[in-house]
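2 protein chains.
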Amino acid sequence: MRNRAGEETATRIVDAARRILSEAGLEAATVKAICDAARVRPGSFYNLFDSKETVILEVIRQAIVAVDPDPERTGRDHVTDLMEAFVRFVEDQPDLARIYITVGVSGGITDAGIRTRMIRHHTERVARFTAALLRDRPELTQTEAQRQIEALLAALNGYTLQRMLDPDFDFAGHARGLLEMEPR
Amino acid sequence: MRNRAGEETATRIVDAARRILSEAGLEAATVKAICDAARVRPGSFYNLFDSKETVILEVIRQAIVAVDPDPERTGRDHVTDLMEAFVRFVEDQPDLARIYITVGVSGGITDAGIRTRMIRHHTERVARFTAALLRDRPELTQTEAQRQIEALLAALNGYTLQRMLDPDFDFAGHARGLLEMEPR
DNA sequence: TTCTAATTTGAATCTTCGCTCAACAAAAGT
DNA sequence: ACTTTTGTTGAGCGAAGATTCAAATTAGAA
Chain A
211 MRNRAGEETA TRIVDAARRI LSEAGLEAAT VKAICDAARV RPGSFYNLFD
261 SKETVILEVI RQAIVAVDPD PERTGRDHVT DLMEAFVRFV EDQPDLARIY
311 ITVGVSGGIT DAGIRTRMIR HHTERVARFT AALLRDRPEL TQTEAQRQIE
361 ALLAALNGYT LQRMLDPDFD FAGHARGLLE MEPR
Chain B
211 MRNRAGEETA TRIVDAARRI LSEAGLEAAT VKAICDAARV RPGSFYNLFD
261 SKETVILEVI RQAIVAVDPD PERTGRDHVT DLMEAFVRFV EDQPDLARIY
311 ITVGVSGGIT DAGIRTRMIR HHTERVARFT AALLRDRPEL TQTEAQRQIE
361 ALLAALNGYT LQRMLDPDFD FAGHARGLLE MEPR
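Sequence order for the protein chains is A and B. Under this note's numbering, the letters of the first sequence match residues 211 to 394, in that order. Under this note's numbering, the letters of the second sequence match residues 211 to 394, in that order.
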């Protein structure tokens with residue numbers, strides 16, 4: 211089969227970039243560092259990717275996508291399901307979670323493309339959660355539900371941020387606690 | 211007076227570093243860029259600071275301190291006062307707010323000193339807010355109050371994060387909305 | 001005014017960055 | 001087996017990075 215070897219190498223490079231971005235930040239993600247971690251020479255890197263930026267953006271794209279699992283299920287989830295999915299994401303894929311919350315934001319400041327993507331993703335997330343909440347509690351108005359979801363997602367992002375700083379922080383506990391803290 | 215000129219120059223350098231860090235991120239904060247913005251030559255920079263890192267860390271330190279205005283007032287504020295102070299901080303000093311939430315966190319991943327500082331600052335903030343909440347609503351237990359404050363601060367940080375991405379986001383409105391959304 | 005220490009300069013140094021390329025190796029198609 | 005495409009290598013390029021330093025300048029002290 212064509213392209214087999216090249217694809218495997220490309221995957222190894224993106225994986226290495228993700229690890230470095232997560233563990234040491236954007237500054238440390240040099241071509242040399244990524245190549246060393248992927249056991250590849252720079253020539254091979256540039257045979258597969260146009261630039262370092264391409265790889266970094268690919269990792270950020272992966273992170274944004276991974277935040278929102280099973281998007282095809284839209285319209286059949288409860289808020290607790292969506293919440294649980296996010297908790298699992300943060301716990302099981304801390305690399306991508308860290309990139310989403312740090313590199314995504316700081317990259318969003320610099321790069322207009324990333325900013326647009328991040329904002330759009332957030333809008334869609336709000337819509338999905340809001341629809342689920344309205345399904346659970348039909349007595350709420352659209353505006354009320356959206357307000358509450360925005361607060362919930364902000365708190366989740368805030369907890370994620372703290373989790374990235376403090377490995378001992380009980381993210382799952384705090385996140386689930388938010389559900390028992392709905393507005394009066 | 212001795213040292214007068216040097217101190218003024220040092221201030222100009224730190225100010226320039228803050229502006230660049232906020233507007234263009236850590237990557238863009240090169241010694242050359244900082245020197246140009248501060249109207250200073252590299253030699254002068256290194257006469258006043260040991261390294262670029264020293265200046266960056268100083269800016270981050272400033273940002274962490276600025277999040278918590280008037281700490282000498284501790285013990286006499288209501289939760290609304292503390293909330294209003296934070297809203298004003300984000301609106302009036304977006305440079306420092308952006309650095310706190312982005313550079314601070316991503317720096318916290320790399321630098322153990324920053325991480326410790328960020329975590330300690332957060333702990334103190336939780337304590338201050340919790341004390342204020344207990345003053346407003348003495349019927350709450352310490353644990354309940356702290357739980358609610360942790361959620362509140364997480365939501366505030368989450369909103370701040372979003373504000374950094376989307377300049378059109380109504381941060382003040384959403385932040386104040388959290389107060390009308392206390393747990394049942 | 002004169003002296004001296006603080007301050008600024010800007011060219012130079014050394015390192016590392018992202019990236020290229022000609023040559024080689026491996027694999028696929030015929 | 002032979003040709004062609006695909007993948008890998010690693011030395012090396014120019015640009016940009018942080019940092020240094022001897023010389024020039026400035027400004028406070030005497």
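Quick reminder that beta carbons are idealized off the backbone N, C-alpha and C, glycines included.
Segment limits, alpha helix (DSSP H) that includes residue i
i      : result
A/H384 : F381 to G387
A/T340 : A322 to D346
B/Y256 : P252 to L258
B/D291 : V289 to D302
A/R357 : Q352 to L375
A/E313 : At residue 313 of chain A the sequence reads Val, which differs from the Glu that was named. Unbroken run through A/V313: none, as it is neither H nor E.
A/D246 : V241 to A248
A/R271 : K262 to V277
Close beta carbons around residue i, own chain, < 6 Å, minus the five adjacent residues each side
i      : result
B/R212 : Because B/R212 sits at a pLDDT of 44, beneath the cut-off of 50, its placement in the model cannot be relied upon, and the point is left open.
B/F259 : V265
B/S232 : D305, R308 and I309
B/R251 : none
A/R228 : V269 and D305
Minimum C-alpha distance to residue i - residue among the options
i      : options                           : result
A/V300 : A/T370, A/D380 and A/A238         : A/T370
B/L388 : A/I270, A/A365, A/I266 and A/R345 : A/A365
B/Q272 : B/V241, B/M328 and B/Q372         : B/M328
B/G368 : B/Q358, B/G216, B/D378 and B/I311 : B/I311
B/E360 : A/P348, A/I359, A/G383 and A/R347 : A/G383
B/G216 : B/E282, B/Y256 and B/T290         : B/Y256
A/E263 : A/R283, A/V241, A/T284 and A/E282 : A/V241
Contact set for residue i: own chain, Cβ-Cβ below 8 Å, skip 5 residues either direction
i      : result
A/D278 : H331, E334, R335 and R338
B/F296 : V277, L366 and A385
B/D321 : L267
B/L292 : R338, F339 and A342
B/T219 : A248, V250, S254 and L258
A/I274 : Y310, G314, R327, M328 and H331
A/L344 : L350, Q352 and A355
B/T221 : none
Neighbourhood of residue i by C-beta distance below 7 Å, restricted to the same chain and skipping five residues each side
i      : result
B/R325 : G318
A/E268 : V224
A/I270 : I309, V313, G314, G317 and I324
A/R394 : With a pLDDT of only 49 at A/R394, under 50, the local geometry of the prediction cannot be trusted, and the value read off the model is given with reservation. Cβ within range, chain order: n/a, list empty.
A/I398 : Residue 398 of chain A cannot be examined here, being either before or after the span of chain A that is shown, 211 to 394.
A/L375 : none
Listed in chain order, which residues of the region 305-320 of chain A have Cβ atoms closer than 9 Å to some Cβ of chain B?
Those residues of the region 305-320 of chain A that come within reach of chain B (Cβ to Cβ, closer than 9 Å) are R308, I311, T312, V313, G314, V315, S316, G317, G318, I319 and T320.
Can you list, in chain order, the residues of the region 322-343 of chain B whose Cβ is nearer than 8 Å to any Cβ on chain A?
Residues passing the 8 Å Cβ filter: R325, M328, I329 and H332.
Residues of the region 345-360 of chain B in Cβ contact with chain A at a cutoff of 8 Å, in chain order, please.
For the region 345-360 of chain B, which is checked against every Cβ of chain A, the residues closer than 8 Å are R357, Q358 and E360.
Using a Cβ-Cβ cut-off of less than 9 Å, list which residues of the region 289-303 of chain B approach chain A; keep chain order.
Correct list: empty, as no residue qualifies.
Closer than 8 Å between beta carbons: that is the criterion. Which residues of the region 367-379 of chain B meet it against chain A?
Within the region 367-379 of chain B, the residues whose Cβ lies closer than 8 Å to any Cβ of chain A are, in chain order, N367, G368, Y369, L371, Q372, M374, L375 and D376.
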